[in-house]
Structures are given as C-alpha cells and as structure tokens.
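Report on the following structure.
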Amino acid sequence: MLVTIDDKSLEAAAGESCGQVLSRAISGKRLKNSVACLVDGQPRDLSAPVPEGTRELVPVLADSPQGLAIIRHSTAHIMAEAVKKLFPTAQVTIGPAIENGFYYDFAFERPFTPEDLEAIEAEMQKSIAANHPFSCTYVPKADAKALFASQGEAYKLEIMDENIEGDTVSLYRHGAFTDLCRGPHVPTTGMVKAFKLLSVAGAYWRGDEKRPMLQRIYGTAFAAEADLKTYLHHLEEAKKRDHRKLGTQLDLFSFSEEAGAGMAIWHPKGELVRTILEDFERKEHLRRGYQLVRGPQILKRELWERSGHYDNYRENMYFTEIDGQAYGIKPMNCLAHMLIYKSRVRSYRDLPQRYFELGVVHRHEKSGVLHGLMRVRQFTQDDAHILCRPDQLLEEITGVIKFVQDVVGLFGFDYEVELSTRPEKSIGSDEDWDRATKALTDALESLALPYDINEGDGAFYGPKIDIKLKDALDRRWQCATVQCDFTLPERFDLVYTDADGERKRPVMLHRVILGAVERFLGVLIEHTAGALPAWLAPVQARILIVTDAQKEFAAEALSRLRAAGIRAELDDRNEKLGFKVREAQMDKIPYMLVAGDKEKELGGLNVRLRSGENLGVKSLDEIVLLILADCQEPFKRGGMRYNFCSQ
RNA sequence: GCCCACGUAGCUCAGUCGGUAGAGCACUUCCUUGGUAAGGAAGAGGUCGCCGGUUCAAUUCCGGCCGUGGGCUCCA
C-alpha cells in the first residue's frame, strides 16, 4: 500500500510520474483501482512528476473517502464541460465535492430544466466514453486571466483576483474543457464509472444573499455502479422515513394552510407523545436541581429594547399592542427568567439558580426556511437559564453536557459536537471569554467528547457548544446548545452578594437539551421510522379480536391493561385478523395482542411484536410486566430514573 | 427573503394540447365470523389552493397572493 522512496529510488524515478513509480512497486490491478496518490500526504495526480525530496507515495483507491472526493470533483468538471458544450453562454464558477456527491454552480440566462439535466448527463457520457486524459499545467496568472477573459468567465477572473495568491495558477484540461482548479483529478474521464445528476437549485454567489443567484446542479458519483444504486436506493428509503410523511400517516400532527405557515397542529396521538416527552423532561430536570418556572407569552417592548433583542432580533419578532402599550411576543425565554432572579436579593449561597421552562416561543422565520417540524414559527424550547458564580461555571457546563449525553444516549442518536469561539464582533473582556471558553473545553474534555471547533462562530455575548443530530437524509439539525452569557446579567444588572460582602455579577448559561420539542420529535420520528420506543408510543398495545365471540373478553382485558397504566386500545371491528394485524403494523404499535377462542379459554392474549416476532400466549399480568419492563429498559441502560407507574 | 418546481376527494396519485373530472386506500351500508401485513358488494365524497385577467367558455392560458417541496442565506 505504502511505497517508501529512498534517495536511490528517487534518483531512479527522475522524470517519471507518480503513477509510473507506483506501478513498478504495486500490482497493476491495485493501480487500476487508484484514482490519484498521496505524495508525503499531499493528494496529487498520478500523472504528476515525483517531486524532489519525496519520502513516500500512497495510492488513493477509488472507493476510499479521498478517492470518492476526487472522482466526484472530476465528475463536476465533466459536467461543466457538458454544460459549456450545450449552453456556451453559461459561465462556470465553482464545483466542489461535497459529503455525498458534488455540485457545480453556473451563471446562465435561463433556468435549467429536468430535460436539460438529461441532456447534460448524455453529453457527460460521451466525454466519459472518449476517455479524455485530465492534464494539469501551471501557467502565469496573467495568461490564465487572459484565457478566461476571452471566454467571458467573469467569475473565474474574480476568483483569481480575490482568492489566489502568487503569480502561478494551475489549469486542468480534459478534452476541450479547461478549468481553473487545484486538483487532483482522476487520470482520465473514463475512470468515472457511475454518476447521476440529482437536482438543480438556486445558490448565491459566494453564499452571499446580496450577490447574484446562480444555478447549482447537484449530482453524485461512486466508484462502481452498484454503489451508486445502493446510494439511490438509500435515498428512496430515507424519504419513506420523512417525518412529514409519517406525521400524516401516524396521525400525529399536521399543518394547515388556513392556520398559517410554520404552525404545527398537534393531533391527539402527537400531543400524547409530546406530553410524555415533556413530562419526562420535567422529572429529569427536577432530579438535577432545576426549578420549574413560567414566564408570560408577551412582554413589554421596553424590556426587549433593554435586552438588545429589539435592536438585534426585531425582524424575527412579532409585536402587538395593548391599551396603547407596545408588547413583543417572546422569541426567547431568558427575560422572564432574569426577572425571577431579580425579584429578590441573591446571596452567593443561593447560586446556582437553575430555571427551567418548556417555553413556547414565536419567531418570524423567513418563509423559505420552514421545513416540517424541523423549522417552524411557533415552537417549545426545553429551555433553562443557569445563573451561577464564575467558579461554578465548569461544574454547571459539565452537568449540562452530561444531561445532554444521557438524553441523546437514551434515544441512541448519532450526533456531532461543535465548539464556537469568540467572533470578531463581540463584547466582554478577554478574561471573561478565556474563562468561559476554557470552561466549555474543559467540560468537553472531561467527558471525552470529540468535537470540532468553529473559530469565531460564537454568539456575540459568549462562546457556545452546539450538538447536532442527523435526520434521515443526513441533514444536521442543531438541538442541544449551551451558551455562556456575560452580557444580559450586565444589562439587567443582576447581582449577588459574595462571601466578602461585595456585590458581584453572576454568569448566565442559556441551554436547551432537546432544543425544540417539535424539531426533536421530527428527528426522532425519522430516527425510529415512526416506531417510537414503547415508553413514548402513543398506543402501546392494541387488542385484536379474531371474531366477535371475544368482544366481551377483549373489552375486559382492555380495561385491565388501562388500569395498569398501559396505553391500550381495542380493535373489535368486523374484519379479518390479517387485516387488523396489517393496520396495527402500519400504525407501528409495539404490542399486538390477539384475542381468539384459544386465548379466551386460557384467560390470556397472544403477543405479537411489531418486529413480527410472536411471543405466544401470555397472561394479562405477564403482559403488563412485559410492557412496563420494555418502557424502563432504555432508562436502566442509561442509568436514568423515570417512573412509569406513577402516571 | 431569494432561485426553481409543485398545489386535483381525508391520504397517495391519474387526467384535461380551454367545453366544470377519475383510480386505489380511507369513510358509510350490506354480505362475510375469518387465526398473525389487504375477504366481497354497493354508496357517498371534489366551486381541480385563493383572487383577478384573457375568452362565448378557465381546473387547464396569463398575473398576483397563499401554501408545499428541493436548495441558498439565516437559525432550535
């Protein structure tokens, strides 16, 4: 795999390409599966000459992550070639590889249509069939600018002016198409074995909404046709898990054009799930020393002016007027929590104060960003504000992260952690920022949580940790977050009397665990494909009768299950058992309890799980214990306590 | 907010190159009492998102609005 180059072989390799040296050292087959190589860790074309001083060469295999990125980026070039050939007036801009594919942004006078995409694909196939080599040349920047200027490629000129330092640029050519590019690329276009163009969408030039809107064509490519098929199949499957689809199918929630965009309407089953989840949250917060509080839905505008929300967040807020007095509908819960803190004199002994509220907030999100339950205009945050002394910061942050870990672990999510540090525009002293950032990193490290750093992406008032969960289509949604805040305590003049009798400023932590109940449920529905764990399932058990000879027996069994606290229902319709099982399966009900003559005689019910497994006939007592144990199981595993029997 | 696409029965979708519409599931009634993913028959259900324009005539063409989807920007 790894080819070490000593001085002697480097001399022998003089004038040879990396590919030639590698082909001598490794089997031809392996080289055939390679799309590029790493020269001392740097990705390079196989056709590149071996640079002086090279110590090692490593082939990059087509199906490795790096290999896929190179294939995808090369496919983007082939796509740009096809677009320029079919639509000569289109201007090329940039076309990187991304997580599951690639895109290329074009400036063109009319929108691309699905038919255009087909034509582009066909044109790409021609280029691939021709098996053009990708070649790299280094030219003076001035020459490259002359070349792109002659082709009317204004965006490429801008990139050279603003983004490329030095006097030399690299150009990649295949067939008749030349692009400004750093590379590397696959050796020839024929190495692209499997690709598909997926969609076209608008995208701002340089991601700036004040710049022109370009057209972005998304596509994907894989090392082999089978991998592409698998991926496309995965996309289809993921769409079936879409929480918007399942929300309708399972009758959990809906949106109504009449009610308004971004306003979820919770149906009985959905509201039940929410209630169970919120009840769980209240208990877990109380266990961890939080206090339950509740603020008003609208507060006087002056308060929002004082907090800075009016200046910084006004476009996202809704306002109203009462008796000539202006009010703002809360987009956040912190203000009332601070008023609670201020309602009496606080001693250092009183800290930390941890105020928890399932706070309903309204935010005027731009219409284009609304997305099912994931992005709505009214939502409920599991919000808390912790007011503590600076010396308590580390312990409080650690406690919050541990809390998040417990909850995320309970549901078995994949997640990513990001630490965002001080942005350019920020307030507060260096000392405060350093202490807060250190507290956040110390907390992450003490819990051995891997994390990425988002330099300069913190809030203007303090650094933060974000935890992002993935949805069915691999999109990331921010859920939990912990933010340090020195500003609001300042603005609202929050103080406590310290041991030395001095009045001091507490630090405020803003934090959420689930984030928003709505978003979290959206992600959870996709994560579980709608088969919610038994403790959260709106209907835990459904009794299915075989004939109406068991109606009475089944009704009796139902009331016994309900008396034991099981959320059960009865399907005594005049339908065949197979039909009822099918419906119960589609409703994702964890326990299907069949009542036939046999069961009636034995005084029990036949237990079928939604996995299809049949546990045989069990007594009602056994069934109750079975379901309750199933409900407790995730909590036991996570070392949490949540008592179902007390409900 | 921006670019593009879409909006037909409760749900999933056909259809109409301008002459007011159809299927499956669901719903109601009847037959069927059937043992682990769809038994049968009949019936009912739509001002084709809303408002305007063009036209003898608009669900169909045009415009505006509302809503949804894929992205961009922004965020829990």
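Positions in the first sequence are counted from 1; adding 481 to them yields the numbering used here. We put the beta carbon where it would ideally sit given N, CA and C, even for glycine. For clarity, every value in this text was computed on a predicted model and none was experimentally measured.
Alpha-carbon spacing of residue i relative to residue j, whole angstroms
i	j	result
Y636	Q572	7 Å
E717	G751	25 Å
V976	D933	34 Å
I698	L679	7 Å
R654	Y712	29 Å
I771	V516	The sequence given here places Tyr at residue 771; Ile does not occur at that position. Taking the straight line from one Cα to the other gives about 56 Å.
I507	P546	21 Å
A434	K951	The chain is shown from 482 up to 1128; residue 434 falls before or after that span and cannot be answered.
N814	E912	27 Å
A611	T669	9 Å
T968	Y822	15 Å
K781	Q806	7 Å
S1127	Q696	A caution first: S1127 carries a pLDDT of 44, below 50, which makes its placement in the model too unreliable to give a value.
D1053	R858	41 Å
L1058	P931	50 Å
M744	F734	10 Å
M694	V673	29 Å
V667	H613	10 Å
L503	A675	25 Å
A865	P970	15 Å
A702	E639	29 Å
C1112	D895	22 Å
C499	H554	20 Å
Proximity below 7 Å, CB of residue i to CB of residue j
i	j	result
P833	E877	yes
P540	V754	no
P987	P1115	no
L1090	M989	no
G664	D526	yes
G448	V1098	Nothing in the structure corresponds to residue 448, since the chain is present only between 482 and 1128.
L891	I946	no
A543	F583	no
V774	P812	no
L1025	K1061	yes
A1022	A1049	yes
Pick from the options that is closest to residue i, judged by C-alpha positions
i	options	result
L851	Q964, D597, A742 and D544	A742
A704	I1108, N793, A550 and W958	A550
L874	V993, Q964 and G840	Q964
G939	N1095, L1107, D1053 and H991	H991
S528	F615, T801, T968 and D872	F615
R956	N581, D872 and P749	N581
L884	G937, L928, A917 and H843	The sequence as given places Phe at residue 884; Leu does not occur at that position. Nearest option by C-alpha distance: L928.
D923	L784, N935, I882 and S1100	I882
L1039	Y836, I1104 and L839	I1104
G576	R825, F589, E590 and A561	A561
E1037	V826, V898, L820 and L1101	L1101
V620	S608, L652 and I645	L652
Beta-carbon contacts of residue i that lie in its chain and below 6 Å, excluding the five residues immediately before and after
i	result
G860	A small fix is needed here, since residue 860 is Phe in this sequence, not Gly. For F860, where only same-chain residues beyond five positions count, the Cβ hits under 6 Å are A997 and E999.
Close beta carbons around residue i, own chain, < 8 Å, minus the five adjacent residues each side
i	result
L995	L758, E762, D863, V888, C960, A961 and F1001
R984	V976, Y977 and T978
L567	D597, A600, I601 and E604
M1067	Q730
E497	P530 and V531
N797	P812, R844, H845 and E846
D792	E786
Endpoints, the beta strand (DSSP E) within which residue i is located
i	result
S737	Run containing S737: none; DSSP gives neither H nor E here.
Q806	Q806 to I810
D864	Q859 to C869
H991	V988 to A997
T922	Taken as a continuous stretch (DSSP letters only), T922 belongs to no beta strand (DSSP E), being part of the alpha helix (DSSP H) at D911 to S927.
W747	A745 to W747
Y685	A675 to Y685
D947	K945 to K951
L542	E537 to L542
F892	First-last for F892: L874 to F892, but that is the alpha helix (DSSP H), not the beta strand (DSSP E).
R505	From DSSP, R505 is part of no beta strand (DSSP E) but of the alpha helix (DSSP H) over C499 to A506.
Residues of its chain near residue i, where Cβ-Cβ distance is below 7 Å and the 5 sequence neighbours each way are ignored
i	result
W958	M855, K949, L950, D952, R1000 and V1004
F1214	Look at the range of the chain in this structure, 482 to 1128, and you will see that residue 1214 is not part of it.
Limits of the unbroken alpha helix (DSSP H) element including residue i
i	result
N1129	Coverage of the chain is limited to positions 482 through 1128, which leaves residue 1129 absent and any answer about it impossible.
D597	P595 to A611
A1012	Run containing A1012: none; DSSP gives neither H nor E here.
P524	First-last for P524: Q523 to R525, but that is the beta strand (DSSP E), not the alpha helix (DSSP H).
Any non-hydrogen atom of the ligand FAD within 6 Å of residue i CB
i	result
E899	No copy of the ligand FAD occurs in the structure displayed, which carries no ligand at all.
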